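Step one of this worksheet: look at the structure below.
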Amino acid sequence: MKKILLLAFFPILNFSQDKNAAKLKVNEGIVLHDEGKFNEALNKYEEALKLDKNNLFAFSEKAMTLEASKKYDEAIEICKLAITTHNKEDIKTIYLTYGNSLDHSKRPQEALKIFDEGIKKYPEFYQLYFNKGITLVNDKQIEKSLELFEKSLKLNPNHPGSLNALGALNRDKRIISILASLRYLSVDNKTSRAKGNLDSVINLMGQGVSQTDEKNITLAIDSKTLEDVSKNKKITNNFSTVDMVLSMTAALDFDEKNKNKTQCEKAIDKFDSIFAVLKEDQKKQKGFYWEFLAPYFIEMKEQKLVEPFTYIAFLPSQADDVKKYHENNNKEIQRFYEWNKNYVWK
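Just so we're aligned: the sequence shown equals residues 4 to 349 in the numbering used here.
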């Protein structure tokens with residue numbers, strides 16, 4: 004009887020050892036991938052698969068490394084195999100790599116189909132919506148892509164990619180772009196992408212305002228904005244009043260009393276003004292940006308956090324006054340981040 008038990012035990016033990024050994028090989032491959040040594044990483048994944056055939060962890064990482072190596076056809080084949088052999092397991096990242104590889108292979112319609120399959124199976128996985136949105140952008144379907152980035156952001160309000168996309172693709176809708184870019188800067192204010200978002204905010208805030216001579220300032224407000232304000236149009240995501248207030252506040256930059264203010268101090272004045280208008284208009288407006296992003300900035304103002312937030316947002320400028328504020332006002336900076344972490348998204 005003891006012999007029978009031993010015979011049953013050893014295969015199970017070997018199987019467990021093989022899985023653990025395969026996992027170690029995959030982890031070694033991930034380190035190599037992160038170092039940019041893709042071929043060496045692929046060799047590690049192959050070693051893992053020899054130890055444990057059809058190992059899902061190895062399939063997933065191998066597919067991602069093949070995609071990173073621009074070996075898209077090979078990545079696609081691995082994804083197909085993983086879906087076939089592990090259909091009842093968690094394979095959401097497989098769908099992600101599969102769709103991305105098809106998109107990179109200039110096969111957008113096939114990529115969209117795979118993303119849709121993944122979304123149907125994993126409706127709460129924000130990255131599938133985001134990456135489908137990227138495919139739609141590449142396919143020049145901008146309006147449809149915006150809906151996907153909005154959905155991605157609802158599922159993960161801290162996703163920098165979705166915020167960056169919404170800020171960049173809405174540049175013709177000034178306030179929406181500014182709100183998305185500012186929210187981006189609350190989650191990332193250190194990268195080159197952060198610098199791009201800050202530059203965009205600064206440029207958009209000064210849009211249509213110029214000083215013609217020492218006594219005259221030209222204020223150009225879009226006729227459609229004026230029409231929407233005067234008729235109080237009920238339009239989805241209508242920020243015309245906020246837009247007009249921003250233009251008038253931007254004109255005050257040239258006022259004698261503001262001439263010695265820094266760029267960041269002037270921005271605080273603008274944000275205080277437009278966040279106040281957001282609160283005034285909130286109840287009579289509708290749309291994703293009013294219902295999702297606007298409340299964040301309204302509460303920020305109510306919590307008296309506009310000043311520390313602005314200095315956080317302006318950190319990519321590396322201006323002396325901004326760096327000095329961070330050195331001398333650590334408690335306020337941390338107060339903002341604590342509020343930001345605990346903010347409850349509507």
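Don't be surprised by glycine CBs; every beta carbon is placed ideally from N, CA and C.
Small disclaimer: the values here were computed from a predicted structure and weren't measured.
Inset, instruction - Would you kindly check if the distance between the Cβ of P298 and the Cβ of K349 is under 7 Å? - result: Yes, Cβ-Cβ distance for K349 and P298 is below 7 Å.
Inset, instruction - Can you give me the start and stop residues for the alpha helix (DSSP H) that F60 sits inside? - result: Here the alpha helix (DSSP H) through F60 covers L59 to A71.
Inset, instruction - Count the other C-beta atoms from every protein chain shown that fall within 10 angstroms of the C-beta of V347, then say buried if there are 16 or more, exposed otherwise. - result: It is exposed - the Cβ of V347 has fewer than 16 other Cβ atoms within 10 Å.
Legend entry - Distance between beta carbons of P319 and K139, contact taken as under 8 Å: In the sequence as displayed, the identity of residue 139 is Leu instead of Lys. With 8 Å as the limit, L139 and P319 do not qualify as a contact, their Cβ atoms being about 29 Å apart.
Inset, instruction - Within its chain, find whatever has a CB closer than 7 Å to the CB of K344; leave out the 5 residues flanking it on each side and keep chain order. - result: Apart from sequence neighbours up to five positions away, no residue of its chain approaches K344 with a beta-carbon distance below 7 Å.
Inset, instruction - Using DSSP bridges, identify the partner residues of V140. - result: V140 is not bridged to any residue.
Legend entry - Coarse secondary structure for V212, derived from DSSP in three states: For V212, the three-state secondary structure derived from DSSP is strand.
Legend entry - Validate contact between the segment 268-285 and the segment 239-250 using beta carbons, cut 8 Å, 3 pairs: When C-beta atoms of the segment 268-285 are compared with those of the segment 239-250, three or more pairs fall below 8 Å, so the two segments count as touching.
Legend entry - Sequence ranges, alpha helix (DSSP H) only - wholly within the segment 254-291, length at least 4: Secondary structure in the segment 254-291: the alpha helix (DSSP H) runs of 4 residues or longer, each lying completely within the stretch, are 266-284 in chain order.
Legend entry - I179 beta carbon less than 7 Å from that of V204: Contact: no.
Legend entry - Whole-angstrom distance between Y48 and N206, CA atom to CA atom: If you take the alpha carbons of N206 and Y48, they lie about 48 Å apart.
Inset, instruction - Evaluate contact between the segment 289-296 and the segment 249-259, counting only Cβ atoms and requiring at least three cross-stretch pairs below 8 Å. - result: No, the segment 289-296 does not touch the segment 249-259.
Legend entry - Alpha-carbon spacing of S148 relative to I81, whole angstroms: Taken atom to atom, the span from the alpha-carbon of S148 to that of I81 is near 27 Å.
Inset, instruction - Return the first residue and the last residue of the alpha helix (DSSP H) that D191 is part of. - result: D191 -> no alpha helix (DSSP H), and no H or E assigned at all.
Legend entry - Per-residue DSSP class, three states only, for L308: Note: L308 maps to coil in three-state DSSP.
Inset, instruction - Below 8 Å on the Cβ atoms is my guess for E77 versus T100; work out the distance and round it to an integer in Å. - result: Rounded, the Cβ-Cβ distance is 11 Å, inconsistent with contact.
Inset, instruction - Give every residue of the same chain whose Cβ lies closer than 7 Å to the Cβ of V26, excluding the five residues on either side of it in the sequence, and list them in chain order. - result: In the sequence under discussion, the amino acid at residue 26 is Lys, which differs from the Val named in the question. If we look at K26 and ignore the five residues flanking it on each side, its Cβ neighbours are F60.
Legend entry - Cut-off 6 Å between Cβ atoms - residues of its own chain near E335, not counting five sequence neighbours on either side: Same-chain partners within the cutoff: P311.
Legend entry - Identity of the residue in D142, E146, R110 and I94 nearest L131 by Cα: Comparing Cα-Cα distances from L131 to each of D142, E146, R110 and I94, the minimum goes to I94.
Inset, instruction - Could you give the DSSP three-state label for E92: helix, strand or coil? - result: The answer is coil: DSSP assigns E92 none of H, G, I, E or B.
Legend entry - Residue from A316, A322, S184 and K326 whose Cα sits closest to the Cα of F339: Checked all of A316, A322, S184 and K326; the closest Cα to F339 is A316.
Inset, instruction - Could you tell me whether the Cβ atoms of R186 and L166 are closer together than 7 Å? - result: Yes, they are a contact pair.
Legend entry - Beta-carbon gap between A114 and I97 smaller than 7 Å: No, the Cβ-Cβ distance between A114 and I97 is not below 7 Å.
Legend entry - Cα-Cα separation between N141 and S189, rounded to whole angstroms: Distance from the CA atom of N141 to the CA atom of S189, rounded to whole angstroms, is 27 Å.
Inset, instruction - Using beta-carbon positions only, say whether G170 and A183 come within less than 7 Å of one another. - result: Taking 7 Å as the Cβ cut-off, G170 and A183 qualify as a contacting pair.
Legend entry - Backbone secondary structure at P126 - three-state DSSP: The answer is coil: DSSP assigns P126 none of H, G, I, E or B.
Inset, instruction - Just the C-alpha distance for G21 and H36, rounded to the nearest angstrom, thanks. - result: The residue asked about is misnamed: residue 21 is Asp in this sequence, not Gly. Spanning the two alpha carbons is a distance of roughly 22 Å.
Inset, instruction - Could you check what DSSP says for D324 in three-state terms: helix, strand or coil? - result: D324 carries a helical assignment under DSSP once its states are collapsed to helix, strand and coil.
Inset, instruction - Determine the DSSP secondary structure at S165, reduced to helix, strand or coil. - result: Three-state result, S165: helix.
Legend entry - Nonlocal neighbours in the same chain, by C-beta distance under 7 Å from N261, ignoring five residues either side: Around N261: L255 and K269.
Legend entry - Cα-Cα separation between M208 and I79, rounded to whole angstroms: Taken atom to atom, the span from the alpha-carbon of M208 to that of I79 is near 45 Å.
Inset, instruction - State buried or exposed for M67, treating a residue as buried only when at least 16 other CB atoms are found within 10 Å of its CB. - result: Counting Cβ neighbours within 10 Å, M67 comes out buried, since at least 16 surround it.
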